[in-house]
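Chemist: The structure follows.
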Amino acid sequence: METLELDLEKLDFVENPNVREVALSAVDLKERMKRDPLYKIQGTYSEAYQGERA
Amino acid sequence: MNPTAIIEVTENCNLACTFCLRPSFTPPVMSDSTLEKVISHILECCDQRADFVWHGGEPLLTGLKFFEKIPPLQRKYNNTHIAIFNNIQTNGTTLRREFVDFFERKSFAVGTSIQGTKDIHDSSRLTVNGKPTYYKVIKRISQLKEKPSSIVVLTIETLGREEEIYYQTKPHVRGMRVSEYFPRGINPSHCSGTTQPFEKSTERPEPLMPTSEEYGCSMTRFYETWKNDPNPIDLRPITEIIRSFVIGMSEGCLYSQEACAHSVIGVKSNGEFYTCIRGAPEQKFSLGMVDNKPLRHYSQFAETLKQERIKKLLEGSCRKCEFWDYCNGGCPLESWKLYGDLDHKTWYCEGRKILFEYILKDLQTTK
Chain E
3 METLELDLEK
13 LDFVENPNVR
23 EVALSAVDLK
33 ERMKRDPLYK
43 IQGTYSEAYQ
53 GERA
Chain S
611 MNPTAIIEVT
621 ENCNLACTFC
631 LRPSFTPPVM
641 SDSTLEKVIS
651 HILECCDQRA
661 DFVWHGGEPL
671 LTGLKFFEKI
681 PPLQRKYNNT
691 HIAIFNNIQT
701 NGTTLRREFV
711 DFFERKSFAV
721 GTSIQGTKDI
731 HDSSRLTVNG
741 KPTYYKVIKR
751 ISQLKEKPSS
761 IVVLTIETLG
771 REEEIYYQTK
781 PHVRGMRVSE
791 YFPRGINPSH
801 CSGTTQPFEK
811 STERPEPLMP
821 TSEEYGCSMT
831 RFYETWKNDP
841 NPIDLRPITE
851 IIRSFVIGMS
861 EGCLYSQEAC
871 AHSVIGVKSN
881 GEFYTCIRGA
891 PEQKFSLGMV
901 DNKPLRHYSQ
911 FAETLKQERI
921 KKLLEGSCRK
931 CEFWDYCNGG
941 CPLESWKLYG
951 DLDHKTWYCE
961 GRKILFEYIL
971 KDLQTTK
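Given below as structure tokens:
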């Protein structure tokens, strides 16, 4: 299986601002997941559940 | 474990949506004693947090008194003082003022369904008597101080209407999910969908279901619309997919091996636990009744299901797919419904690839 690798160093320079903002927020999210046991990103098909409310 | 429990408090619904996977109009409401046992059992098994998604049918048909019982019971059985989150998924048509006040007072997050534009919504989300519901839903949800999130199901009726759907829904919500059409399918046999498994992605398994390619192209149009919005809302699964590329793992349950057999469980109104509410009432997916403490054996059952599925999918075309970590073969219950095989890859495989490649290209395009 091929593994996709994204260069996180380059996310600051992603051309589209909306894509860039979400991508950069995910970098923070990755850190938060490490230190906050209450945080879980696993959402469901039901939109009622929003993981970031924690 | 910290599962998200999707609890079907009643199967009864006042709408008869054209794409409903389990239309039902007469079943019972969860009894007080079952509600208490369900809350108690879930809290007993959660380590750090418990997420309750109150679902239906239409859950508000149970009445406000039903929901008023929930917070005291959660306090009563929260012996280890874990964090509790309540969410309600409603069609919005009966979201009266007293519900709004209660949900705001008790911090219930509200999710609803708006099928895009008025004409599409009113041709697909009808009352059981065939009446349109768009204006009623918009009026009801406008009472909420915090706008709800909403779902639109991607069907052949939404194809080509992506920009209209996005911009007409946006004023009423804080975020929206474009949901893959979930088939009624060949299982269980009493469902009114197709009668034969489908193999060719160019065929349409059910009248409203898009082909995989149609799905992929439509999602890229949603993505383009969102991308070019100077003040975008949270459009899922688009934002989830972007984050998953950065984090290195999938986020939404339809893209993960860690969800339906791990972090999500379904509970029916009679107190029967399932791997996911989408699997009910198939006994194959039943974990047992609440009286028998079904979550005790859940982790092992879930792990076995997961490992079997991964093994089988990676023996096939998923093995060479660069998007495996972000797709994981899709929703197993969708495969079960459509192919009669839990370990079949998603119907939306080619469409997902179209979308993944499209988004990835943008993530790799720098100034």
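Chains as they are written, first to last, in our numbering: chain E, 3 to 56; chain S, 611 to 977.
Heads up, the beta-carbon is just placed ideally off N, CA and C, and yes, glycines get one too.
Residues of chain S with a CB under 7 Å from the CB of Arg-12 (chain E): which are they?
Modeler: Walking along the first sequence from the start, residue 12 (chain E) turns up at place 10. Note that residue 12 (chain E) is Lys in the sequence shown, not Arg. Around Lys-12 (chain E), the beta-carbon contacts reaching into chain S at under 7 Å are Thr-976.
Chemist: Would you kindly check if the distance between the Cβ of Ile-649 (chain S) and the Cβ of Ile-680 (chain S) is under 9 Å?
Modeler: Stepping through the second sequence from its first residue, residue 680 (chain S) is reached at position 70. Stepping through the second sequence from its first residue, residue 649 (chain S) is reached at position 39. A contact, by the Cβ cut-off of 9 Å.
Chemist: CB-CB under 6 Å to Glu-773 (chain S), same chain, minus the five flanking residues each way: which ones, in chain order?
Modeler: For the purposes of this step, residue 773 (chain S) is taken as residue 163 along the second sequence, with counting starting at 1. Contacts found: Thr-835.
Chemist: When the cut-off is 9 Å and only beta carbons count, does Thr-614 (chain S) lie next to chain B?
Modeler: Although the question refers to chain B, the structure presented lacks it and instead comprises the protein chains E and S.
Chemist: Rounded to a whole number of angstroms, what is the C-alpha to C-alpha distance between Asp-935 (chain S) and Ser-860 (chain S)?
Modeler: Translated into the one-based positions of the second sequence, residue 935 (chain S) becomes position 325. Translated into the one-based positions of the second sequence, residue 860 (chain S) becomes position 250. One C-alpha to the other measures close to 7 Å.
Chemist: Alpha carbon to alpha carbon, how far is Phe-792 (chain S) from Tyr-833 (chain S)?
Modeler: Reading the second sequence from its first residue, position 182 is the one you call residue 792 (chain S). Reading the second sequence from its first residue, position 223 is the one you call residue 833 (chain S). The straight-line gap from Cα to Cα measures roughly 21 Å.
Chemist: Which word fits Tyr-865 (chain S), buried or exposed, when buried means at least 16 other C-beta atoms lie within 10 angstroms of its C-beta?
Modeler: What you label residue 865 (chain S) is simply residue 255 of the second sequence in a count that begins at 1. Tyr-865 (chain S) is buried by the Cβ-count criterion.
Chemist: Considering only C-alpha positions, which residue in the set S:Ser-717, S:Gln-725 and S:Gly-740 is nearest to Leu-769 (chain S)?
Modeler: The residue labelled residue 769 (chain S) in the question sits at position 159 within the second sequence. It is S:Gln-725 whose Cα lies nearest to the Cα of Leu-769 (chain S).
Chemist: So Lys-746 (chain S) and Ile-843 (chain S) are in contact, right, with Cβ under 8 Å, and what is the actual spacing, rounded?
Modeler: If you number the second sequence from 1, residue 746 (chain S) lands on position 136. If you number the second sequence from 1, residue 843 (chain S) lands on position 233. With 8 Å as the limit, Lys-746 (chain S) and Ile-843 (chain S) do not qualify as a contact, their Cβ atoms being about 22 Å apart.
Chemist: Considering only C-alpha positions, which residue in the set S:Arg-685, S:Glu-678 and S:Lys-757 is nearest to Glu-654 (chain S)?
Modeler: As a working mapping, residue 654 (chain S) is identified with position 44 in the second sequence. Ranking the options by Cα distance to Glu-654 (chain S), first place goes to S:Arg-685.
Chemist: When burial is assigned at 16 or more other CB atoms within 10 Å of the CB, is Pro-682 (chain S) buried or exposed?
Modeler: Within the second sequence, numbered from 1, the residue matching residue 682 (chain S) stands at position 72. It counts as exposed.
Chemist: Using the rule of at least 16 other Cβ atoms within 10 Å of the residue's Cβ for burial, across every protein chain shown, is Glu-756 (chain S) buried or exposed?
Modeler: One-based indexing of the second sequence puts residue 756 (chain S) at position 146. Glu-756 (chain S) should be labelled exposed.
Chemist: What are the boundary residues of the alpha helix (DSSP H) that Ile-969 (chain S) is part of?
Modeler: Walking along the second sequence from the start, residue 969 (chain S) turns up at place 359. Run containing Ile-969 (chain S): 959 to 973, per the alpha helix (DSSP H) assignment.
Chemist: Given a cut-off of 9 Å, decide if Phe-718 (chain S) and Leu-674 (chain S) are closer than it, judged by their beta-carbon atoms.
Modeler: For the purposes of this step, residue 674 (chain S) is taken as the residue at position 64 of the second sequence. For the purposes of this step, residue 718 (chain S) is taken as the residue at position 108 of the second sequence. In this structure, Phe-718 (chain S) does not lie closer than 9 Å to Leu-674 (chain S) by Cβ.
Chemist: Which word fits His-651 (chain S), buried or exposed, when buried means at least 16 other C-beta atoms lie within 10 angstroms of its C-beta?
Modeler: Taking the second sequence and counting its residues from 1, one reaches residue 651 (chain S) at position 41. Classification for His-651 (chain S): buried.
Chemist: Would you call the CB atoms of Glu-892 (chain S) and Trp-946 (chain S) closer than 9 Å?
Modeler: Position 282 of the second sequence holds residue 892 (chain S). Position 336 of the second sequence holds residue 946 (chain S). The answer is yes: Cβ separation under 9 Å.
Chemist: Tell me which residues share the same chain as Gly-785 (chain S) and place their Cβ nearer than 8 Å to its Cβ, disregarding the 5 neighbours each side in the sequence.
Modeler: As a position in the second sequence, residue 785 (chain S) is number 175, starting the count at 1. Cβ within range, chain order: Ser-759, Ser-760, Ile-843, Asp-844, Leu-845 and Arg-846.
Chemist: Flag Ser-879 (chain S) as yes if its beta-carbon sits less than 9 Å from any beta-carbon of chain E, otherwise no.
Modeler: Here residue 879 (chain S) corresponds to residue number 269 of the second sequence, with the count starting at 1. Judged by the 9 Å Cβ criterion, Ser-879 (chain S) is not in contact with chain E.
Chemist: Which of helix, strand or coil does DSSP assign to Thr-722 (chain S)?
Modeler: In the second sequence, the residue the question calls residue 722 (chain S) occupies position 112. Reduced to three states, the DSSP call for Thr-722 (chain S) is strand.
Chemist: Nearest to Met-35 (chain E) by CA position, among S:Ile-857, S:Ile-851 and S:Ile-964, is which residue?
Modeler: Here residue 35 (chain E) is taken as the residue at index 33 of the first sequence, counted from 1. Here the closest residue by C-alpha is S:Ile-857.
Chemist: Quick one: what's got a C-beta closer than 6 Å to Phe-966 (chain S)'s C-beta in the same chain, skipping five residues either side?
Modeler: On the second sequence, position 356 is the one that residue 966 (chain S) refers to. If we look at Phe-966 (chain S) and ignore the five residues flanking it on each side, its Cβ neighbours are Phe-933.
Chemist: Could you give the distance in angstroms between the alpha-carbon of Ser-733 (chain S) and the alpha-carbon of Thr-975 (chain S)?
Modeler: Counting from one through the second sequence, the residue named residue 733 (chain S) turns up at place 123. Counting from one through the second sequence, the residue named residue 975 (chain S) turns up at place 365. Taking the straight line joining both Cα atoms gives about 40 Å.
Chemist: Does the beta-carbon of Ser-48 (chain E) have 16 or more other beta-carbons within 10 angstroms, so that it is buried, or is it exposed?
Modeler: Translated into positions along the first sequence, residue 48 (chain E) becomes position 46. Model confidence at Ser-48 (chain E) stands at a pLDDT of 48, short of 50, so the residue's coordinates are unreliable; what they give is reported in the following sentence. So Ser-48 (chain E) counts as buried.
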